[in-house]
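Before any comments, here is the structure.
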Amino acid sequence: AWVHGDPRKVIYPTDSYGQFCGQKDTLNENKTILFYFNILKCASPVVLINLQCPTTQLCVSKCPDRFATYIDVQASYRYKPDQWNYFRQFCKPGFNNPRKSVAQVLRDEDCPSMIIPSRPFLKRCFPDFSTKNGVLTVANQTTFKDGRGKTRNVTDLREAANGINNVLDARSVGMKIFEDYAISWYWILIGLFIAMIVSLLFLVLLRFTAGVLFWIFIFGVIGIIGYGIWHCYWEYDHLKGIPGSDLTVYDIGFQTDFRVYLQLRQTWLAFMIILCAVEVIIILMLIFLRNRIRIAIALLKEGSRAIGYIMSTLFYPIVTFILIAICISYWAVTAVFLATSGEPVYKVMANQTLCKYANLTCDPETFNTTNVTKLCPGAQCTFAFYGGESLYHKYIFIFQLANAFVFLWLVNFAIALGQCTLAGAFASYYWASRKPADIPLWPLFSSFGRAIRYHTGSLAFGALILAIVQLIRVILEYLDHKLKGTQNSFTRFLLCCLKCCFWCLEKFLKFINRNAYIMIAIYGKNFCTSAKEAFFLLMRNVVRVAVLDKVTDFLLFLGKILVAGGVGVLAFFFFTQRIPVFAQEAPTLNYYWVPLLTVIIGSYLVAHGFFSVYAMCVDTLFLCFCEDLERNDGSTAKPYFMSASLHRILGKKELSPKKA
13 AWVHGDPRKV
23 IYPTDSYGQF
33 CGQKDTLNEN
43 KTILFYFNIL
53 KCASPVVLIN
63 LQCPTTQLCV
73 SKCPDRFATY
83 IDVQASYRYK
93 PDQWNYFRQF
103 CKPGFNNPRK
113 SVAQVLRDED
123 CPSMIIPSRP
133 FLKRCFPDFS
143 TKNGVLTVAN
153 QTTFKDGRGK
163 TRNVTDLREA
173 ANGINNVLDA
183 RSVGMKIFED
193 YAISWYWILI
203 GLFIAMIVSL
213 LFLVLLRFTA
223 GVLFWIFIFG
233 VIGIIGYGIW
243 HCYWEYDHLK
253 GIPGSDLTVY
263 DIGFQTDFRV
273 YLQLRQTWLA
283 FMIILCAVEV
293 IIILMLIFLR
303 NRIRIAIALL
313 KEGSRAIGYI
323 MSTLFYPIVT
333 FILIAICISY
343 WAVTAVFLAT
353 SGEPVYKVMA
363 NQTLCKYANL
373 TCDPETFNTT
383 NVTKLCPGAQ
393 CTFAFYGGES
403 LYHKYIFIFQ
413 LANAFVFLWL
423 VNFAIALGQC
433 TLAGAFASYY
443 WASRKPADIP
453 LWPLFSSFGR
463 AIRYHTGSLA
473 FGALILAIVQ
483 LIRVILEYLD
493 HKLKGTQNSF
503 TRFLLCCLKC
513 CFWCLEKFLK
523 FINRNAYIMI
533 AIYGKNFCTS
543 AKEAFFLLMR
553 NVVRVAVLDK
563 VTDFLLFLGK
573 ILVAGGVGVL
583 AFFFFTQRIP
593 VFAQEAPTLN
603 YYWVPLLTVI
613 IGSYLVAHGF
623 FSVYAMCVDT
633 LFLCFCEDLE
643 RNDGSTAKPY
653 FMSASLHRIL
663 GKKELSPKKA
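Read in order, the letters of the sequence shown correspond to residues 13 to 672 in our numbering.
Below, the structure is given as structure tokens:
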């Protein structure tokens, strides 16, 4: 990829001669925009962006800002040279012969037959479409001369306009979203900082008040959802009787201004039903799991105590984030180089519809010596797209799959390294006879060093197995997408079964790998041995796994939801200027949901980063606890390493030696 790729093919548009527009140290350095001689030949913006529009394409410094035709300019060039000089910049470089007949100019495509007011988008000149009183116009005009003696209506451009309008609508929304980010980025960072502080405080306070905080969390989530239900009902009732509020989403169709949907009663009714369902599910789960939650809280207290002694573990997710960011950057850059490693392909572009050489590949260096120009007058050998027929180009898709596989392997290795490092740190806490006196100095750094020095192969092997399964899932998704229009019922059923099976297999492997890395951190054995021992250890304690591990995951998930929801509610009131104290400070936004969603999602990810450390701590302590119960019996020769409170709640009633 790095040898054959050229990212300039993505950055710069390419004209009909295969030259980049706007590239430095070239003749087109100041010509950054691509201009199409006859945009009527282009079916849609997709064709334009793929550089396969069957018309001459030139690099220009700016798009046309007026209507003009070559016939009119040629007729008046003697007494209006300024018009000719303006029009000439959209002709082929070096052409300056207004005395050449119109028929020959149009045949050879020396100049466009017409120019239309345009504006640059994606570094290409698109007609400046607008709507005036419901009528499609270009520069406030509904008709234009096509340069061939006819007056045409702007609606003749509708085929291109329909696609372009959709792109421009998306561009308008994108610009508004960008403006909102530019105005509110400072407050978004403050919201994420608040989420980090709340997450840290929560983890620290768990050491002392795990039970109280978690019940507050649980009822807090119920309260937040309850408030959401009440707010949805209030909005639903408030819109009653307002004209247009009883329309359905189907009636109004897709709208780029999402605030339109908030004026419909149906929208708030749907929100209310969803929140009610979520509320009922959470309440039912709490009723049936109330006793198991008490057991999980005890394990969480022990985990909070362990993190309290090894506070540096809370910031290890930053290392994992940096490693994954490097992996993503390497994959993205390599993928771009692979995607741009094609050679320029030139095709014959003929004005005559009956030319048998039209759309055939050609060589621009030898084209003028062939018979094509004689048999098809005006035919040209122009750039079409990037591709190739060599063995390398045929297997670019395979190379992209290989690149994706390397990406998955590296990401899984970075995650495995983090899990093994944290497991080693927390295991050193559990297996210390006197806590915290016997905990090693710098346990996190020591564990990281052991993982790098002794366990790199085991972690890479575990990541390899997981990456293979994930790659198979990617291929299945690709096949499903490609065969969606042609597959029969049996093929759909088979693909669905395969996707489901490999999804389950991936989840199972993630669970096994996670516990295998814990055993590797404890004993230092290889991956296969550690995975086998972890699996059978968990199977011998399957009830405890179901009760403690999953309930703990559920409670930590509720914690993430409460952090994200609490910060989200605060951000909602702030960005909608409903907090009197900060009403003047709140920025004026196009869409308040842009920074709001960013704060909510960002807060959830921040909480997930801290709570993932906590989850790893609980899993490690639980596996150590199961191993402790099997290896030791509480006697003087084999004392338990668990704390007295954990021993009392999770297993035995007293810490006394076994009687013979």
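We put the CB at the ideal spot given by N, CA and C, even for glycine.
Cβ separation of residue i and residue j, assumed to be a contact under 8 Å, to the nearest whole Å
| i | j | result |
| --- | --- | --- |
| glutamine 589 | tyrosine 529 | Their Cβ separation, rounded to whole angstroms, is 49 Å, which puts glutamine 589 and tyrosine 529 out of contact at 8 Å. |
| proline 124 | phenylalanine 138 | Going by Cβ atoms, the distance from proline 124 to phenylalanine 138 rounds to 15 Å, so no, they are not a contact pair. |
| aspartate 27 | phenylalanine 395 | 7 Å |
| leucine 549 | leucine 635 | 7 Å |
| leucine 215 | serine 316 | 7 Å |
| threonine 38 | asparagine 50 | Actually they do not touch by this definition, with Cβ atoms about 26 Å apart. |
| isoleucine 697 | valine 579 | The chain is shown from 13 up to 672; residue 697 falls before or after that span and cannot be answered. |
Cβ pair residue i, residue j closer than 8 Å
| i | j | result |
| --- | --- | --- |
| arginine 131 | cysteine 71 | no |
| valine 85 | phenylalanine 107 | no |
| threonine 163 | lysine 157 | yes |
| leucine 488 | lysine 511 | yes |
| leucine 281 | glycine 240 | no |
| leucine 574 | valine 233 | yes |
| phenylalanine 283 | cysteine 244 | yes |
| isoleucine 230 | valine 290 | no |
| tyrosine 358 | cysteine 388 | no |
| threonine 420 | alanine 479 | In the sequence under discussion, the amino acid at residue 420 is leucine, which differs from the threonine named in the question. Yes, they are a contact pair. |
| alanine 627 | aspartate 565 | yes |
| isoleucine 336 | valine 423 | yes |
| glycine 474 | phenylalanine 417 | no |
| alanine 308 | leucine 567 | yes |
| glutamate 247 | serine 655 | no |
| valine 147 | threonine 154 | yes |
| arginine 556 | aspartate 631 | no |
| proline 129 | arginine 160 | no |
| phenylalanine 637 | serine 211 | no |
| tyrosine 535 | leucine 434 | no |
| serine 459 | glycine 436 | yes |
Close beta carbons around residue i, own chain, < 6 Å, minus the five adjacent residues each side
| i | result |
| --- | --- |
| valine 606 | Ile189, Asp192 |
| isoleucine 11 | Residue 11 cannot be examined here, being either before or after the span of the chain that is shown, 13 to 672. |
| phenylalanine 411 | Leu350 |
| alanine 543 | Ile524, Ala528 |
| cysteine 33 | Tyr24, Pro25, Asn40, Lys43, Thr44, Leu46, Cys71 |
| methionine 531 | Ser542, Glu545, Ala546 |
| asparagine 644 | Lys650, Tyr652 |
| lysine 135 | Pro25, Ile45 |
| isoleucine 264 | none |
Neighbourhood of residue i by C-beta distance below 8 Å, restricted to the same chain and skipping five residues each side
| i | result |
| --- | --- |
| phenylalanine 587 | Ser196, Trp199, Ala598, Pro599, Leu601, Tyr604, Pro607, Leu608 |
| asparagine 380 | none |
| tryptophan 14 | Thr346, Phe349 |
| phenylalanine 594 | Phe586 |
| phenylalanine 514 | Val481, Ile484, Arg485, Leu488 |
| tyrosine 369 | Val360, Ala362, Val384, Leu387, Cys388, Ala391 |
| glycine 614 | Ile200, Gly203, Leu204, Ala207 |
Same chain only: Cβ atoms within 7 Å of residue i, ignoring 5 sequence neighbours per side
| i | result |
| --- | --- |
| alanine 318 | Phe438, Tyr441, Cys629, Leu633 |
| leucine 276 | Ser257, Leu259, Val261 |
| serine 324 | Leu456 |
| asparagine 415 | Trp343, Thr346, Ala347, Leu350 |
| isoleucine 477 | Leu521 |
| tryptophan 96 | Val85, Tyr89, Pro110 |
| aspartate 561 | Asp631, Phe634 |
Bridge partners - residue i, DSSP secondary structure assignment
| i | result |
| --- | --- |
| leucine 46 | Cys71, Arg136 |
| leucine 456 | Beta-bridge pairing links leucine 456 to no other residue. |
| threonine 149 | Ser142 |
| tyrosine 358 | Cys374, Phe395 |
| alanine 416 | DSSP output for alanine 416 lists no bridge partner at all. |
| serine 130 | Pro139 |
| threonine 163 | Lys157 |
| phenylalanine 32 | Thr26 |
| alanine 704 | No answer is possible for residue 704: it lies beyond the span of the chain, which begins at 13 and ends at 672. |
Query - Completely contained alpha helix (DSSP H) runs for the region 490–526, where each covers 4 or more residues - result: The qualifying runs do not exist here; there are none.
Q.
If we require 4 or more residues per run, which alpha helix (DSSP H) segments fall completely within the region 428–483?
A. 455–466
**Prompt:** Which residue spans inside the region 550–591 form an unbroken alpha helix (DSSP H) run of at least 4?
**Reply:** 562–587
So within the region 592–635, which uninterrupted alpha helix (DSSP H) runs reach at least 4 residues, ignoring any that extend past its ends? none
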